[in-house]
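Enquirer: Dumping the structure here so I can ask a few things about it.
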Amino acid sequence: MKYEQLVEFSIKADDLLLSGDLVKLQVYVDEHEAHEYQFDSALYEAQYYYALANCYSALYHPRTSKWYSQEMVKVAVYYRKALAVINSVEASPNTIRLKSMICTNLANHLSSQGRALCCIELYDEAIRLDNNPVAYVAKARNELFIADSIYDSGHREYHYYTAAKLLEELKPFEELLEPEQRIPIDEGGRLHHFRSWYHENYENDSFNYFDEFKEQFESDRQKKYLSWCADNRLFVNDLNDVCKSEIVYQDVLGLSSFTQRFNDLLSETDELTYHGNYDEIKNDYCYARYLMYQAMSIENDEIHYSNKTFQHVDTRCGAIDNLKVSHLKSAFKILYSLFDKIAYFIHRFFDLNDISKDNKIYIDKLFQKLNGKSWKPNEKLEGGQNHFINALFFILQELRDVKGFESVSKWINPSAEKFSEIRNAMEHRSLVVVDAESYHLITNFDIVNKLSTERFNSGYSELETKLDEINQKIANARRSKNKDLEQKNRAKQKKLEDELAGLNSQRYEKQKLSSHTLHITVDDLEVRLFSLIKLVRNSIMYLSLAINLDSEMKKEHQEGIALPRDIP
Numbered sequence: 001m002k003y004e005q006l007v008e009f010s011i012k013a014d015d016l017l018l019s020g021d022l023v024k025l026q027v028y029v030d031e032h033e034a035h036e037y038q039f040d041s042a043l044y045e046a047q048y049y050y051a052l053a054n055c056y057s058a059l060y061h062p063r064t065s066k067w068y069s070q071e072m073v074k075v076a077v078y079y080r081k082a083l084a085v086i087n088s089v090e091a092s093p094n095t096i097r098l099k100s101m102i103c104t105n106l107a108n109h110l111s112s113q114g115r116a117l118c119c120i121e122l123y124d125e126a127i128r129l130d131n132n133p134v135a136y137v138a139k140a141r142n143e144l145f146i147a148d149s150i151y152d153s154g155h156r157e158y159h160y161y162t163a164a165k166l167l168e169e170l171k172p173f174e175e176l177l178e179p180e181q182r183i184p185i186d187e188g189g190r191l192h193h194f195r196s197w198y199h200e201n202y203e204n205d206s207f208n209y210f211d212e213f214k215e216q217f218e219s220d221r222q223k224k225y226l227s228w229c230a231d232n233r234l235f236v237n238d239l240n241d242v243c244k245s246e247i248v249y250q251d252v253l254g255l256s257s258f259t260q261r262f263n264d265l266l267s268e269t270d271e272l273t274y275h276g277n278y279d280e281i282k283n284d285y286c287y288a289r290y291l292m293y294q295a296m297s298i299e300n301d302e303i304h305y306s307n308k309t310f311q312h313v314d315t316r317c318g319a320i321d322n323l324k325v326s327h328l329k330s331a332f333k334i335l336y337s338l339f340d341k342i343a344y345f346i347h348r349f350f351d352l353n354d355i356s357k358d359n360k361i362y363i364d365k366l367f368q369k370l371n372g373k374s375w376k377p378n379e380k381l382e383g384g385q386n387h388f389i390n391a392l393f394f395i396l397q398e399l400r401d402v403k404g405f406e407s408v409s410k411w412i413n414p415s416a417e418k419f420s421e422i423r424n425a426m427e428h429r430s431l432v433v434v435d436a437e438s439y440h441l442i443t444n445f446d447i448v449n450k451l452s453t454e455r456f457n458s459g460y461s462e463l464e465t466k467l468d469e470i471n472q473k474i475a476n477a478r479r480s481k482n483k484d485l486e487q488k489n490r491a492k493q494k495k496l497e498d499e500l501a502g503l504n505s506q507r508y509e510k511q512k513l514s515s516h517t518l519h520i521t522v523d524d525l526e527v528r529l530f531s532l533i534k535l536v537r538n539s540i541m542y543l544s545l546a547i548n549l550d551s552e553m554k555k556e557h558q559e560g561i562a563l564p565r566d567i568p
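Just so it is clear: in the sequence shown, position 134 is 134 by full-length UniProt numbering, and no numbers are missing.
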């Protein structure tokens, strides 16, 4: 696609968006999506994907579209594609501006999926890049949404403070907003009303104590660890997304209170089952997080006595098999397994299926009917009223491909292995972590192996050509009924086929052994692990928010008397 074609596509798409003719827009977008374009530059490619995502965003409407609709998925796919492409381009004013818009719109989309925590980093990136005023407005609205969704009043007030601070920081850039983008902050808009209410009820120094609070540390080691958690926003604490001060050095988010019918068959332990399960999930998360922290402090070549008890084989691939890698792999396995624990929790708490189906419940199956051949939503989730459960479905799509939906997972980090492939190799097959430099040298500069492969391929092609010629000679001999010549050529045919069979056996062995192990560099594993732990951390928090939202919805229809009960 040339620049002129891109401009033509964008203008026509904008005209259809402004006209509100979604039927024509759908046809127009489908026509272009069916083509596989080659682009004159990566910038044009990113602009095209960004425009497609905007179109699909307009085609999705909450009132008429299912929350799990293909349009909803395609929006994420094309924004992710656009972001992946623009990240590969050298920074310039044009690329920075485009990346800022992509980040803002993708963040808005994640927020609309119920992923109010996942979107914050993208808003922050857009603001960092060019003080995008749309990102300031959208993040402020998102902060108010989080404030309305949590059960802790102190945390709620800090989210109010964050929203108000964003609106103050927006002021120098307000004039850059388009008229329709100003609606929330102009008179009559929600943010305009909020700003007035906030300044009537709070002083500028009302929240100074958040930064002034000092934690009592048991040791310098503990202080460094907790600081690392806060800097990477890894506490199970909604405030850690907007604050890194010592006051957030706690995994404080738990389960809110919820009502249960009186049942004298239940023991005290029974009644605390869900709170105990949530604690178990958080405890496993904290352990995996600490393993990650420990791994970061170990050098790639550091030896530990834990595995010095046997002679290690040098597999000539730059393999690293020390305590650092063991910690990273263990953390990855624990974190990935927590998705299935969260799925089991939701299945039981919300009665999505009978408990006889427990052995069929894991994150892949949580959202769908268990007996259907094609993907159909679980009847109790089809309405999508609990947007925090919906959020977990969209996180699943970043973990692995979901049958019946376009792949989102491969666009999270196109150059890296998928989470599911790493996990499957780690748990069920073979995964070797390697030093990046050594592995690069071995795989890209193995001249002997390259020459052998070239000779093999050349010899294989020659044999195929000779076999084709012999087959033609056999056919000619049969037509001329020359049995002696046919028999002579069949002998040659057999010899060539045997040689090819031998080469095929070598090729199969090469394929079998070279695909036996998934090799991943330690740097790539660390990057993927950081992405994974943030998804897990947010999922644990969405679980809490989902239960709180469910409790609030049930209160509207609650009958009888509710007796409060303390959680020990």
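Beta carbons are placed, not taken as given, at the ideal position from N, Cα and C, and that holds for glycine. Only a predicted model underlies this, so the values are computations on that prediction, with no experimental measurement involved.
1) Thinking just about the alpha-carbon of each residue, which of C118, N371, R400 is nearest to the one in F339?
2) Take the Cβ of I67 as the centre, count every other Cβ of all protein chains shown within 10 Å, and call the residue buried at 16 or more, exposed below.
3) Within 10 angstroms of the Cβ of G276, are there 16 or more other Cβ atoms? Answer buried if so, exposed if not.
4) Exposed or buried, what is P133 when buried is set at 16 or more other beta-carbons lying within 10 Å of its beta-carbon?
5) Please list, in chain order, all residues of the same chain as Q385 whose beta carbon is under 8 Å from its beta carbon, the five residues on each side excluded.
6) Relative to the C-alpha of A331, which candidate in F530, S551, N94, K99 has its C-alpha closest?
7) Measure the CB-CB distance between A51 and S10 and report whether it falls below 8 Å.
8) What residues match up with T377 in a beta bridge as DSSP calls it?
9) Do V433 and I303 count as a contact pair if the criterion is CB distance below 8 Å?
10) Name the DSSP beta bridge partners of T521, please?
11) I think L535 touches I395, with their Cβ atoms under 8 Å apart; what is that distance to the nearest whole Å?
12) Let me confirm a value: L324 is counted as buried when at least 16 other C-beta atoms fall within 10 Å, else exposed. Which label applies?
13) Hey, how far is the Cα of D435 from the Cα of A116?
14) Determine the DSSP secondary structure at A343, reduced to helix, strand or coil.
15) Specify, as a first and last residue, the run of the alpha helix (DSSP H) that E271 falls within.
16) Which residues mark the beginning and the end of the alpha helix (DSSP H) in which E174 is found?
17) Please go through the same chain and pick out, in chain order, the residues whose beta-carbon is closer than 6 Å to the beta-carbon of L17, but skip the five residues on each side of it.
18) Could you give the distance in angstroms between the alpha-carbon of L177 and the alpha-carbon of Y362?
19) Give a yes or no on whether the C-beta atoms belonging to A13 and C55 are separated by under 8 Å.
20) Look at the Cβ atom of V137, then the Cβ atom of H109, and state whether they are nearer than 8 Å.
21) Could you tell me if F445 is buried or exposed, where buried requires 16 or more neighbouring beta carbons within 10 angstroms of its beta carbon?
22) Which first and last residues belong to the alpha helix (DSSP H) in which R195 is found?
23) Across the segment 155-171 and the segment 189-208, are there enough close Cβ pairs to call them in contact, namely three or more that are closer than 8 Å?
24) Mapping DSSP to helix, strand and coil, what is A319?
25) Please classify V27 as buried or exposed, where buried requires at least 16 neighbouring CB atoms within 10 angstroms.
26) Quick check: the segment 494-507 against the segment 453-460, are at least 3 beta-carbon pairs closer than 8 Å?
27) Skipping 5 residues on each side, what residues in its chain have a beta carbon closer than 7 Å to that of E398?
28) Return the CA-CA distance between P184 and Y542, expressed in angstroms with no decimal places.
29) For S297 and L25, I'd like the C-alpha separation in whole angstroms.
30) From this set, R289, N208, G318, which residue's C-alpha is nearest R233's C-alpha?
31) Tell me which residues share the same chain as L129 and place their Cβ nearer than 7 Å to its Cβ, disregarding the 5 neighbours each side in the sequence.
32) Measure the C-alpha to C-alpha separation of D354 and S149 and round it to an integer number of angstroms.
33) Taking the alpha-carbon positions, what's the T315 to D321 distance?
34) Can you check which of these residues, Q5, E4, Q70, N105, is closest to V402 by C-alpha distance?
35) Could you check the C-alpha separation between L328 and V522 for me, to the nearest Å?
36) Taking 8 Å as the cut-off, decide whether the C-beta atoms of A140 and A126 are in contact.
Expert: With the given structure in hand:
1) Your numbering for residue 339 matches position 339 in the sequence shown. Minimum Cα distance to F339 is reached at R400.
2) Numbered from its first residue, the sequence shown carries residue 67 at position 67. It should be pointed out that residue 67 corresponds to Trp in this sequence rather than to Ile. Looking at its Cβ environment, which holds 16 or more other Cβ atoms inside 10 Å, W67 is buried.
3) One-based indexing of the sequence shown puts residue 276 at position 276. That one is exposed.
4) If you number the sequence shown from 1, residue 133 lands on position 133. By the neighbour-count rule (16 or more Cβ atoms within 10 Å), P133 is buried.
5) For the purposes of this step, residue 385 is identified with residue 385 of the sequence shown, where counting begins at 1. The residues are M553.
6) Walking along the sequence shown from the start, residue 331 turns up at place 331. Measuring from the Cα of A331, the nearest candidate turns out to be F530.
7) Within the sequence shown, numbered from 1, the residue matching residue 51 stands at position 51. Within the sequence shown, numbered from 1, the residue matching residue 10 stands at position 10. Taking the C-beta atoms as reference points, S10 is found nearer than 8 Å to A51.
8) Your numbering for residue 377 matches position 377 in the sequence shown. Just to set this straight, residue 377 is Pro in the shown sequence, not Thr. Answer is Q368, bridged to P377.
9) Position 303 of the sequence shown, counted from the first residue, corresponds to residue 303. Position 433 of the sequence shown, counted from the first residue, corresponds to residue 433. Their beta carbons are not under 8 Å apart, which means I303 does not touch V433 by this criterion.
10) On the sequence shown, position 521 is the one that residue 521 refers to. Answer by DSSP bridge pairing, in chain order: V434.
11) Position 535 of the sequence shown, counted from the start, is the residue given in the question as residue 535. Position 395 of the sequence shown, counted from the start, is the residue given in the question as residue 395. Going by Cβ atoms, the distance from L535 to I395 rounds to 5 Å, so yes, they are a contact pair.
12) Sequence index remark: in the sequence shown, residue 324 carries index 324 (1-based). Strictly speaking, residue 324 in this sequence is Lys, with Leu absent from that position. Buried is the call here.
13) One-based indexing of the sequence shown puts residue 435 at position 435. One-based indexing of the sequence shown puts residue 116 at position 116. C-alpha of D435 to C-alpha of A116: approximately 37 Å in a straight line.
14) Your numbering for residue 343 matches position 343 in the sequence shown. The answer is helix: DSSP assigns A343 an H, G or I state.
15) The residue labelled residue 271 in the question sits at position 271 within the sequence shown. Counting along the chain, E271 sits inside the alpha helix (DSSP H) bounded by residues 268-271.
16) Here residue 174 refers to the residue found at position 174 of the sequence shown. Element bounds for E174: n/a, residue is neither H nor E.
17) Position 17 of the sequence shown, counted from the start, is the residue given in the question as residue 17. Once the five neighbours on either side are set aside, the close Cβ partners of L17 are A58.
18) Position 177 of the sequence shown holds residue 177. Position 362 of the sequence shown holds residue 362. The alpha-carbon atoms of L177 and Y362 are separated by roughly 45 Å.
19) Taking the first residue of the sequence shown as position 1, residue 13 is located at position 13. Taking the first residue of the sequence shown as position 1, residue 55 is located at position 55. In this structure, C55 lies closer than 8 Å to A13 by Cβ.
20) Here residue 137 refers to the residue found at position 137 of the sequence shown. Here residue 109 refers to the residue found at position 109 of the sequence shown. Not in contact: V137 and H109 (Cβ atoms no closer than 8 Å).
21) Counted from its first residue, the sequence shown places residue 445 at position 445. Its Cβ having fewer than 16 others within 10 Å, F445 is exposed.
22) In the sequence shown, the residue the question calls residue 195 occupies position 195. Boundaries of the alpha helix (DSSP H) harbouring R195: 190-201, taken from the DSSP string.
23) By the Cβ criterion, the segment 155-171 is in contact with the segment 189-208, since at least three pairs of Cβ atoms, one from each stretch, lie closer than 8 Å.
24) Here residue 319 is taken as the residue at index 319 of the sequence shown, counted from 1. Correct three-state label for A319: strand.
25) The residue you call residue 27 lines up with position 27 of the sequence shown. Label assigned to V27: exposed.
26) Counting Cβ pairs under 8 Å, three or more are found: they touch.
27) Reading the sequence shown from its first residue, position 398 is the one you call residue 398. Within the same chain, and ignoring the five residues on either side of E398 in sequence, the residues whose Cβ sits closer than 7 Å to its Cβ are V408, S409, I412, L535.
28) Looking up residue 184 in the sequence shown gives position 184. Looking up residue 542 in the sequence shown gives position 542. Just so you know, the alpha carbons of P184 and Y542 end up roughly 26 Å apart.
29) As a working mapping, residue 297 is identified with position 297 in the sequence shown. As a working mapping, residue 25 is identified with position 25 in the sequence shown. Linking S297 to L25 through their CA atoms gives a straight-line distance of about 53 Å.
30) On the sequence shown, residue 233 is found 233 positions in, with the first residue counted as 1. Closest option to R233, Cα to Cα, is R289.
31) Numbered from 1 along the sequence shown, position 129 holds the residue referred to as residue 129. I96, K99, S100.
32) Here residue 354 refers to the residue found at position 354 of the sequence shown. Here residue 149 refers to the residue found at position 149 of the sequence shown. Cα-Cα distance, rounded: 29 Å.
33) Taking the sequence shown and counting its residues from 1, one reaches residue 315 at position 315. Taking the sequence shown and counting its residues from 1, one reaches residue 321 at position 321. In a straight line, the C-alpha of T315 is about 11 Å away from that of D321.
34) Indexing the sequence shown from 1 puts residue 402 at position 402. The alpha carbon of V402 has as its nearest neighbour, out of Q5, E4, Q70, N105, the alpha carbon of Q70.
35) Here residue 328 is taken as the residue at index 328 of the sequence shown, counted from 1. Here residue 522 is taken as the residue at index 522 of the sequence shown, counted from 1. Straight through space, the alpha carbons of V522 and L328 are spaced by roughly 9 Å.
36) On the sequence shown, residue 140 is found 140 positions in, with the first residue counted as 1. On the sequence shown, residue 126 is found 126 positions in, with the first residue counted as 1. No.
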